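Here is the structure we will look at, set down as structure tokens.
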Amino acid sequence: MNKYDICVIGGCGHVGLPLAAVFANGGKRVIINDVNENVIDLVKNCKVPFMEEGLEDLLKNTVGKTLFLSKEKKVISEAEFVIVVVGTPVDEHLNPVFSTLKKFFDEIIPFLCNGQTIILRSTLYPGLTKKLNQMLKETGKEISVCFCPERILEGRSIEELHNLPQIVSGFDQNSIKKVSDMFRIVTKDIIIVEPIEAELAKLFTNTWRYIQFAAANQFYMMAEDFGADFYKIHHAMTYNYPRTKSFPKAGFAAGPCLFKDCMQLSAFTDNTFFLGHAAMLVNEGLPNFIVSCIENKTNLSEKSVGILGMAFKSESDDIRESLSYKLKKILQIKARQVYCSDHFVKDERLIPEDELIEKSDIIIIGAPHEKYRTLNYKNKHVVDVWNMIRGKQ
Ligand SMILES: NC(=O)c1ccc[n+]([C@@H]2O[C@H](COP(=O)([O-])OP(=O)(O)OC[C@H]3O[C@@H](n4cnc5c(N)ncnc54)[C@H](O)[C@@H]3O)[C@@H](O)[C@H]2O)c1
Numbered sequence: 194m195n196k197y198d199i200c201v202i203g204g205c206g207h208v209g210l211p212l213a214a215v216f217a218n219g220g221k222r223v224i225i226n227d228v229n230e231n232v233i234d235l236v237k238n239c240k241v242p243f244m245e246e247g248l249e250d251l252l253k254n255t256v257g258k259t260l261f262l263s264k265e266k267k268v269i270s271e272a273e274f275v276i277v278v279v280g281t282p283v284d285e286h287l288n289p290v291f292s293t294l295k296k297f298f299d300e301i302i303p304f305l306c307n308g309q310t311i312i313l314r315s316t317l318y319p320g321l322t323k324k325l326n327q328m329l330k331e332t333g334k335e336i337s338v339c340f341c342p343e344r345i346l347e348g349r350s351i352e353e354l355h356n357l358p359q360i361v362s363g364f365d366q367n368s369i370k371k372v373s374d375m376f377r378i379v380t381k382d383i384i385i386v387e388p389i390e391a392e393l394a395k396l397f398t399n400t401w402r403y404i405q406f407a408a409a410n411q412f413y414m415m416a417e418d419f420g421a422d423f424y425k426i427h428h429a430m431t432y433n434y435p436r437t438k439s440f441p442k443a444g445f446a447a448g449p450c451l452f453k454d455c456m457q458l459s460a461f462t463d464n465t466f467f468l469g470h471a472a473m474l475v476n477e478g479l480p481n482f483i484v485s486c487i488e489n490k491t492n493l494s495e496k497s498v499g500i501l502g503m504a505f506k507s508e509s510d511d512i513r514e515s516l517s518y519k520l521k522k523i524l525q526i527k528a529r530q531v532y533c534s535d536h537f538v539k540d541e542r543l544i545p546e547d548e549l550i551e552k553s554d555i556i557i558i559g560a561p562h563e564k565y566r567t568l569n570y571k572n573k574h575v576v577d578v579w580n581m582i583r584g585k586q
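Heads up: the sequence shown begins at 194 in our numbering, then just goes up one per residue.
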């Protein structure tokens, strides 16, 4: 019998840690392998390195009992299932990079054993599951490969891991069944598809969201350009009208997944994915649009501007690919002074929100943290793309 049921490589990250904790809480013996020793130490002390609802309680229930941590790759040999959740390999232009993944597997292959099942969990460029399966076959070891994409909403992983259906794909019925049975500990709904279908399902899911946000952002810009009130239009469109129910509000569409996955799909279609590129231009253009609107009304070079909310989304401390930072860079060129604040992000360069309001002539809400609905903005000019404070000033 294996010492552990599951080894999660990259298990201290945003995706890996909730998954490891949920399996450990479900009675599986789980070993986390991660290269980041500082974070391993934090987790060993039941501290969560990022905001994730309910995760600390799960760590308190499981660390040292069914959940263990190690930076040593040799622990990989001691588990029946090996889940890989290290980041998606892309270069600085978001092109897929196979060499990073190959290097990673070259490192772990010596520790893989006959009879193990590898579960690829990171988002993958279409076709990579097949390529990795082939690569592992060539080692002569009897290792099965499955691809089971993660589709959680960061911050709500614990709840969503239990409530979302799990997509499972693989190359043989035996491993598909074993992996499906394992995921049934977490969720009752399992959807079995081919690996290429699972890879595309994940990319289509994120890209679909990205395109929906782009549609809302484009309409927001149109309405603003014509001096019309986007949120009155939004209400008129969506109130008691089922076919526009999922129409999002405007705001920064950012973070580590949506843009990247849209561009992965674009690379997959030989850069002929016009809809995806259009979505990228709209979403990435929103910070520039906001600055242009301010410039049309005032001499920005004489103004101090505060950005309230640096995380990439509400109620989060995750700043990865946050458009608030893009906004900051534009303003650093155009405005007299730029101040930044965030209720959750820990960064000594940020200032408290009261000080930001005091010092700024113009305030832009960058991330819609709930707390920002009720601040006293002291009659300052607030740019509120998210419609946070309407009627409350
Ligand atoms: N963040 C999300 O909401 C989300 C949702 C769905 C899917 N994904 C996908 O999941 C993957 C991981 O994303 P994440 O947000 O958890 O990233 P992350 O950066 O938070 O976590 C990655 C972890 O892997 C560790 N790591 C890196 N290289 C390693 C190695 N060689 N050996 C052991 N550990 C290693 C890092 O130290 C880190 O703890 C990505 O492919 C992403 O696209 C993310």
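Cβ coordinates follow ideal geometry from the N, Cα and C atoms, glycine included.
Quick caveat: nothing in here was measured; it's all calculated off a predicted structure.
Contact check, residue i vs residue j, beta carbons under 9 angstroms
i	j	result
I135	G559	In this structure the chain extends from 194 to 586, so residue 135 is not present and cannot be described.
I225	S270	no
N356	T380	yes
E546	K571	no
G469	Y403	yes
P449	G320	no
V223	F216	yes
I369	P342	no
I377	I385	Looking at the sequence itself, residue 377 is Arg, so the reference to Ile does not match. Not closer than 9 angstroms, so no.
V498	D554	yes
I199	E245	no
Nearest-angstrom Cβ-Cβ length linking residue i and residue j, presumed shorter than 8 angstroms
i	j	result
G220	I351	Not quite, the Cβ-Cβ distance comes to about 16 angstroms (not below 8 angstroms), so this is no contact.
L317	T400	The Cβ separation is near 14 angstroms, so there is no contact.
L493	K527	5 angstroms
F406	A446	4 angstroms
A408	S362	The pair is not a contact, with the Cβ atoms about 30 angstroms apart (cut-off 8 angstroms).
A472	C455	6 angstroms
I276	V201	5 angstroms
H543	S534	Sequence inspection shows Leu at residue 543; the His mentioned does not correspond to that position. Yes, they are in contact, since the Cβ atoms of L543 and S534 sit about 5 angstroms apart, within 8 angstroms.
I582	V576	About 11 angstroms separates the two Cβ atoms, so there is no contact after all.
N326	F364	6 angstroms
V578	I483	7 angstroms
P388	F340	5 angstroms
Assigned exposure category for residue i - 16 Cβ within 10 Å defines buried
i	result
H536	buried
H428	exposed
H286	exposed
F452	buried
D284	exposed
S439	exposed
L466	Note on identity: in this sequence residue 466 is Phe, with Leu being the wrong assignment. Result: buried.
S292	exposed
L474	exposed
Y197	buried
D227	buried
E347	buried
H231	Checking the sequence shown, residue 231 turns out to be Asn, not His. By the neighbour-count rule (16 or more Cβ atoms within 10 Å), N231 is not buried but exposed.
N218	buried
Q309	buried
A504	buried
If we require 4 or more residues per run, which alpha helix (DSSP H) segments fall completely within the segment 395-436? The alpha helix (DSSP H) runs lying completely inside the segment 395-436 and spanning 4 residues or more are 423-431, given in chain order.
Are three or more beta carbon pairs between the segment 293-306 and the segment 317-332 nearer than 8 angstroms? In the pairwise beta carbon analysis, the segment 293-306 is classified as touching the segment 317-332: at least three pairs are separated by under 8 angstroms.
Which parts of the segment 312-338 are runs of the alpha helix (DSSP H), unbroken and 4 residues or longer, counting only runs that do not cross its ends? If only uninterrupted alpha helix (DSSP H) runs of at least 4 residues are considered, those enclosed by the segment 312-338 are 321-330.
To test your reading of the DSSP string, which unbroken beta strand (DSSP E) runs of 3 or more residues are found completely within the segment 256-315? Listed in chain order, the beta strand (DSSP E) elements of length 3 or more contained wholly in the segment 256-315 are 260-263, 272-277, 310-313.
Which runs of the beta strand (DSSP E), 3 residues or longer, sit entirely within the segment 333-393? Correct list: 337-340, 359-363, 383-386.
What are the complete alpha helix (DSSP H) segments, minimum 4 residues, inside the segment 433-473? Taking 4 residues as the shortest admissible run, the segment 433-473 contains the following complete alpha helix (DSSP H) segments, listed from N- to C-terminal end: 451-461.
Which runs of the beta strand (DSSP E), 3 residues or longer, sit entirely within the segment 534-570? Entirely contained in the segment 534-570, the beta strand (DSSP E) runs reaching 3 residues are, in chain order, 555-558.
Jot down the residue ranges of each uninterrupted alpha helix (DSSP H) in the segment 472-500, minimum 4 residues, whole runs only, in chain order. The qualifying runs do not exist here; there are none.
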